[in-house]
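Undergrad: Chains as they are written, first to last, in my numbering: chain W, 440 to 822; chain H, 440 to 822.
One structure follows; several queries about it will come next.
Number of protein chains: 2
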Amino acid sequence: MTSTRARLRTGPEGTASLPSDGRAHNLALVLRTLHAAGAMSRADLSRALGLTRVTISDLVTELIARGHAVELGQSDEVRPGKPSILVDINRRGRQIVGLDLTENHILRAAVMDLDGTMLARTDRAITTENGAELTALVTELAVTAVGMATAPLLGIGVGTPGIVDSDGVVTTAPNLGWTDVPLGALIQEATGLPTLVRNDADAALHGEYTFGQGSDDMILVRVGRGVGSSLMVGGVRARGAHHAAGEIGHVTVGTDGGTMCRCGRTGCLETWLSVPALETALAAAALAEDPDGATRDVMRVAGERLAISLAPIVAAIDVEEIVLCGPAALLDGTLIDSVRETLALRVLPVIPPPTTVRLAQEPENTVLRGTAVMVLSSQLGVE
Amino acid sequence: MTSTRARLRTGPEGTASLPSDGRAHNLALVLRTLHAAGAMSRADLSRALGLTRVTISDLVTELIARGHAVELGQSDEVRPGKPSILVDINRRGRQIVGLDLTENHILRAAVMDLDGTMLARTDRAITTENGAELTALVTELAVTAVGMATAPLLGIGVGTPGIVDSDGVVTTAPNLGWTDVPLGALIQEATGLPTLVRNDADAALHGEYTFGQGSDDMILVRVGRGVGSSLMVGGVRARGAHHAAGEIGHVTVGTDGGTMCRCGRTGCLETWLSVPALETALAAAALAEDPDGATRDVMRVAGERLAISLAPIVAAIDVEEIVLCGPAALLDGTLIDSVRETLALRVLPVIPPPTTVRLAQEPENTVLRGTAVMVLSSQLGVE
DNA sequence: TTTTATTTGTTAGTACAGTTTACTAACATT
DNA sequence: AATGTTAGTAAACTGTACTAACAAATAAAA
Chain W
440 MTSTRARLRT GPEGTASLPS DGRAHNLALV LRTLHAAGAM SRADLSRALG
490 LTRVTISDLV TELIARGHAV ELGQSDEVRP GKPSILVDIN RRGRQIVGLD
540 LTENHILRAA VMDLDGTMLA RTDRAITTEN GAELTALVTE LAVTAVGMAT
590 APLLGIGVGT PGIVDSDGVV TTAPNLGWTD VPLGALIQEA TGLPTLVRND
640 ADAALHGEYT FGQGSDDMIL VRVGRGVGSS LMVGGVRARG AHHAAGEIGH
690 VTVGTDGGTM CRCGRTGCLE TWLSVPALET ALAAAALAED PDGATRDVMR
740 VAGERLAISL APIVAAIDVE EIVLCGPAAL LDGTLIDSVR ETLALRVLPV
790 IPPPTTVRLA QEPENTVLRG TAVMVLSSQL GVE
Chain H
440 MTSTRARLRT GPEGTASLPS DGRAHNLALV LRTLHAAGAM SRADLSRALG
490 LTRVTISDLV TELIARGHAV ELGQSDEVRP GKPSILVDIN RRGRQIVGLD
540 LTENHILRAA VMDLDGTMLA RTDRAITTEN GAELTALVTE LAVTAVGMAT
590 APLLGIGVGT PGIVDSDGVV TTAPNLGWTD VPLGALIQEA TGLPTLVRND
640 ADAALHGEYT FGQGSDDMIL VRVGRGVGSS LMVGGVRARG AHHAAGEIGH
690 VTVGTDGGTM CRCGRTGCLE TWLSVPALET ALAAAALAED PDGATRDVMR
740 VAGERLAISL APIVAAIDVE EIVLCGPAAL LDGTLIDSVR ETLALRVLPV
790 IPPPTTVRLA QEPENTVLRG TAVMVLSSQL GVE
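Here it is as structure tokens:
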């Protein structure tokens, strides 16, 4: 009949929509609005979301019954009319456990409330190179952290280096000696709590997006033992065709060679920017004739190389904001200035203002906060 | 009250969901399914979408009443039970007008059916450098094309170089001498038809995605007078913070200088890869001692430079497929091979298979088909 | 040839989500 | 004390999709 038989593909949505889906969406929307804007009355919610007061009342009743929302009593604002009753998400009544597995020799865990406030912390030294033993250590840490919670837990969030699929299986994590480890399922079994495992940079991105005035089009670059990144594109995190989006550590930078990388090639971003690479370069600089100048040079070059590799991404995605997450002692100052300068030289800003470059707000907590955000989002039916 | 007051931002969906939204979604879903898989019975649709036969019947009734779907008569398959009635999208009964403004000296227009089949064509030579006169020429062309339609038109799609906002205003199009031209509104007024204006690379991306077995994570690179691109990230086109996603023509490539660009800087991708740049280089190569070798060198270098600038993007987005859209005489062969080789050298494939690189299927029609896809999608409530 | 099984599409009635309309309660203002 | 305003709720209505039941049309079996 027709010469061309095409597939009209218009996005990921391939499933039919039921009225109950809309209900779930609206319930989540109410909670998100409360989480974002703070306590407000049912009438406020009605105005904010465009649903009627009747519907909002119904939704709020259901949320309170579930324990997700609470009434805080009458608002004290002075104006005509019946005083309103403030409703808020159950901020203190629910908690989240977060695990951060990104540091070199230590596993960190924390109990947080729904605002991301740190309520308790614990950690474990990494005493083994064996993947299975490490898995046991992580689950034990999770169980311990769960025991420290003082309110019902919504779930557990884990930020780990490596590639993680959407079911919480760590496909590859060379630093931790893991291949196809079903970490999410293991922790879920040990604790009985819904567990969400994500790449550390992805967690950090969500943390910075939510708690750091993030943009809908941003890149977070995580500098640690290696270099990773995570991208928000149009308000949605890029996942990639193989769940490997953000893995920019082993992209060749520049056309003028470079140092040999542990991946066997030369000129990878990691050879210029990772913490070990920087420390080696700084140690050499300290012995130079002009240590201060040599140190600045190291930082300047590292920033340049990062900017060189980011420039095509910035242009292609039209990125608004770049956030660097890592040791401020290394990243702040010369390095970040160099990133800004080089980026301005290599990307023609089509429309001002140009891309901003900044450090993460609390680099040491960004991943943990991010895991909390992801757990909450997941509970609200997002992702 | 709380020390940290955060915004829980979890994506673009900030609006409440009404039951009617679900209905619209399901109507669109039925049409998309028919468009993709061809004519089928109501019972088939029910099985494919998971809705009941009753609901599907109701949806189909509405679509037929609107003129978007038609009954094709009984299926002739032999099996027990009442014969089914085939339903199909109204492929021939509705048409779409597409405009392609990307070529150097000519404006192209076509009437297409919903399968993207070309039914009629017309064009206009660009006889002016004046932006306003050109606008008049484009609207006149649109009116002419509308007059060539032989069935009711769903709308008009326009693919233009430059940056276009979501309301169809061309913010910047240096090649056409346009700044803040409300092209969509002008054509809509002149023709009385809903008009969708998009960047040419974005249109080509949609065309290739729909008609070319595209991937959910792909880049389309358009090589013409300049170099542009468009990215599909997770099945959604990247728009960018300033509607400028894909503008990679003026990113500096490499760290070894380059030719002066019309933007005033050196080493831009356009200085290596655009059609004018390639033609200049090829003319020089033809005078060399070894014309064939010199020609191959030109192509090889152009491919290298494209791959160098794409490498960070490929890694960051975890791209599955790269499509080149432009003159096959230039792009096919040495150039595209060089892209493949250089990409393999500069990106460490985390998980096989690696990114594929190919040419667009019918480069000269890709943009036009893409505009048709966009108009149809838009009619179905997508975007 | 008759009966049985199967499949399609429709009608009738139900559950659920959200709306409109109309109400009570509680306040400030005059 | 009268008036107007705002919050929250109750009842009835609209729209969406569901289950249950059925007629029509056919192939396959008896």
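Just so it is clear, CB atoms sit at the ideal spot from N, CA and C, and this is done for glycine as well.
Closer than 8 Å, CB to CB, is W:S668 near chain H or not?
TA: Taking the first residue of the first sequence as position 1, residue 668 of chain W is located at position 229. Yes, W:S668 counts as interfacial toward chain H.
Undergrad: Drop a sphere of 10 angstroms on the beta-carbon of W:N529, count the other beta-carbons inside from all chains shown, and report buried for 16 or more, exposed for fewer.
TA: Along the first sequence, read from residue 1 onward, the residue named residue 529 of chain W stands at position 90. Answer is buried; the Cβ neighbour count reaches 16.
Undergrad: Is the CB-CB distance between H:F650 and H:G765 below 8 Å?
TA: Within the second sequence, numbered from 1, the residue matching residue 650 of chain H stands at position 211. Within the second sequence, numbered from 1, the residue matching residue 765 of chain H stands at position 326. Cβ distance not < 8 Å, so H:F650 and H:G765 don't count as in contact.
Undergrad: Of the choices H:E759, H:P613, H:D639, H:L774, whose alpha-carbon is the least far from that of H:C702?
TA: On the second sequence, residue 702 of chain H is found 263 positions in, with the first residue counted as 1. The option with the nearest alpha carbon to H:C702 is H:P613.
Undergrad: Give the range of the alpha helix (DSSP H) segment to which H:M813 is assigned.
TA: In the second sequence, the residue the question calls residue 813 of chain H occupies position 374. Counting along the chain, the alpha helix (DSSP H) containing H:M813 begins and ends at 802 to 818.
Undergrad: Taking contact to mean 3 or more Cβ pairs, one atom from each stretch, closer than 8 Å, check whether the region 704 to 724 of chain H and the region 653 to 668 of chain W are in contact.
TA: Short answer: they don't touch.
Undergrad: Of all the CB atoms in chain W, is at least one closer than 8 Å to the CB of H:S523?
TA: As a position in the second sequence, residue 523 of chain H is number 84, starting the count at 1. Not an interface residue.
Undergrad: Find the residues of chain H that neighbour W:D695, judging by a C-beta separation of less than 7 Å, and give them in chain order.
TA: Start at 1 with the first residue of the first sequence, and residue 695 of chain W comes out as number 256. Result: T694, D695.
Undergrad: Quick one, which of W:D731, W:A478, W:G696 has its alpha-carbon nearest W:Q513's?
TA: As a first step, residue 513 of chain W is located in the first sequence; it is residue number 74 there, counting from the start. The shortest C-alpha separation from W:Q513 is found at W:A478.
Undergrad: Between W:A741 and chain H, is the shortest Cβ-Cβ distance under 8 Å, so that the two count as touching?
TA: For this step, residue 741 of chain W is matched to residue 302 along the first sequence. No - not a single Cβ of chain H is within 8 Å of the one on W:A741.
Undergrad: By the 8 Å beta-carbon criterion, what residues does the region 673 to 685 of chain H contribute toward chain W?
TA: Near chain W, meaning a CB-to-CB distance below 8 Å, the residues of the region 673 to 685 of chain H are G673, G674, V675, A677, R678, G679, A680, H681, H682, A683, A684, G685.
Undergrad: On a CA-only basis, which of H:V806, H:D757, H:D562, H:R518 is nearest W:G685? Give me that one, please.
TA: Here residue 685 of chain W is taken as the residue at index 246 of the first sequence, counted from 1. Checking every option, the nearest Cα to that of W:G685 belongs to H:D757.
Undergrad: Using the beta-carbon of each residue, which ones in chain H are nearer than 9 Å to W:E759?
TA: If you number the first sequence from 1, residue 759 of chain W lands on position 320. Correct list: G679, A680, H681.
Undergrad: Measuring CA to CA, which of H:D552, H:K521, H:L525 is closest to H:R533?
TA: Within the second sequence, the letter at position 94 stands for residue 533 of chain H. Of the candidates H:D552, H:K521, H:L525, the one whose C-alpha sits nearest the C-alpha of H:R533 is H:D552.
Undergrad: To the nearest angstrom, how far is the alpha carbon of W:V714 from that of W:E780?
TA: Position 275 of the first sequence, counting from 1, holds the residue named residue 714 of chain W. Position 341 of the first sequence, counting from 1, holds the residue named residue 780 of chain W. Roughly 22 Å separates the two Cα atoms.
Undergrad: For W:T541, count neighbouring C-beta atoms within 10 Å of its own C-beta (all shown protein chains included) and say buried if the count is 16 or more, exposed if not.
TA: Taking the first residue of the first sequence as 1, we reach residue 541 of chain W at position 102. Buried: at least 16 other Cβ atoms inside 10 Å.
Undergrad: Is the separation between the beta-carbon of H:G601 and that of H:L615 shorter than 8 Å?
TA: Mapped onto the second sequence, residue 601 of chain H falls at position 162. Mapped onto the second sequence, residue 615 of chain H falls at position 176. Cβ distance < 8 Å, so H:G601 and H:L615 count as in contact.
Undergrad: With DSSP as the reference, please indicate the residues paired to H:M587 in a beta bridge.
TA: What you label residue 587 of chain H is simply residue 148 of the second sequence in a count that begins at 1. DSSP lists no bridge partner for H:M587.
Undergrad: In whole angstroms, what is the alpha-carbon distance linking W:D515 and W:H474?
TA: Residue numbering aside, residue 515 of chain W sits at position 76 when the first sequence is read from its first letter. Residue numbering aside, residue 474 of chain W sits at position 35 when the first sequence is read from its first letter. Roughly 21 Å separates the two Cα atoms.
Undergrad: Counting contacts by CB-CB distance shorter than 8 Å, is H:G765 in contact with chain W?
TA: The residue you call residue 765 of chain H lines up with position 326 of the second sequence. So no, H:G765 is outside the interface.
Undergrad: Rank H:T794, H:A733, H:Q818, H:T705 by C-alpha distance to the C-alpha of W:V786 and give the top, closest one.
TA: The residue labelled residue 786 of chain W in the question sits at position 347 within the first sequence. Among H:T794, H:A733, H:Q818, H:T705, the Cα nearest to that of W:V786 belongs to H:T705.
Undergrad: Against chain H, with Cβ distances strictly below 8 Å, would W:L774 count as a contact?
TA: Start at 1 with the first residue of the first sequence, and residue 774 of chain W comes out as number 335. Taking Cβ atoms only, chain H never reaches closer than 8 Å to W:L774, which makes this a no.
Undergrad: Checking the sheet assignment: what are the DSSP bridge partners for W:V796?
TA: The count along the first sequence starts at 1 and reaches residue 796 of chain W at position 357. For W:V796, the pairing in a beta bridge is given by DSSP as W:I761.
Undergrad: Among residues of its own chain, excluding the 5 on either side of W:L573, which ones have a beta-carbon nearer than 8 Å to its beta-carbon?
TA: Against the first sequence, residue 573 of chain W aligns to sequence position 134. So the list reads I565, T567, L615, G616, W617, once near-sequence residues are dropped.
Undergrad: Have a look at H:T500 and H:A677 and give me their C-alpha separation to the nearest angstrom.
TA: For the purposes of this step, residue 500 of chain H is taken as the residue at position 61 of the second sequence. For the purposes of this step, residue 677 of chain H is taken as the residue at position 238 of the second sequence. Rounded to the nearest angstrom, the two C-alpha atoms are 35 Å apart.
Undergrad: Name the chain W residues that come within less than 9 Å of H:S828, Cβ to Cβ?
TA: Chain H is shown only over 440 to 822; residue 828 of chain H falls outside these bounds and no answer can be derived.
Undergrad: Label H:S748 either buried or exposed according to how many other C-beta atoms from any shown protein chain fall within 10 Å of its C-beta, with 16 as the threshold for buried.
TA: Residue 748 of chain H sits at position 309 when you count from the first residue of the second sequence. Answer is buried; the Cβ neighbour count reaches 16.
Undergrad: Taking W:M560 as the reference, give the member of W:H544, W:L782, W:L538, W:V469 with the closest Cα.
TA: Residue 560 of chain W sits at position 121 when you count from the first residue of the first sequence. According to the sequence displayed, residue 560 of chain W carries Arg and not Met. Measuring from the Cα of W:R560, the nearest candidate turns out to be W:L538.
Undergrad: Helix, strand or coil, according to DSSP, for W:R678 in the structure here?
TA: Counted from its first residue, the first sequence places residue 678 of chain W at position 239. Coil.
Undergrad: Applying a beta-carbon distance threshold of less than 7 Å, which residues of chain H neighbour W:H689?
TA: Taking the first residue of the first sequence as position 1, residue 689 of chain W is located at position 250. Those within 7 Å of W:H689 in chain H are L787.
Undergrad: Could you give the C-beta distance for W:G631 and W:D655, rounded to a whole number, given that I count them as a contact under 8 Å?
TA: Along the first sequence, read from residue 1 onward, the residue named residue 631 of chain W stands at position 192. Along the first sequence, read from residue 1 onward, the residue named residue 655 of chain W stands at position 216. W:G631 to W:D655, Cβ: 36 Å. No contact.
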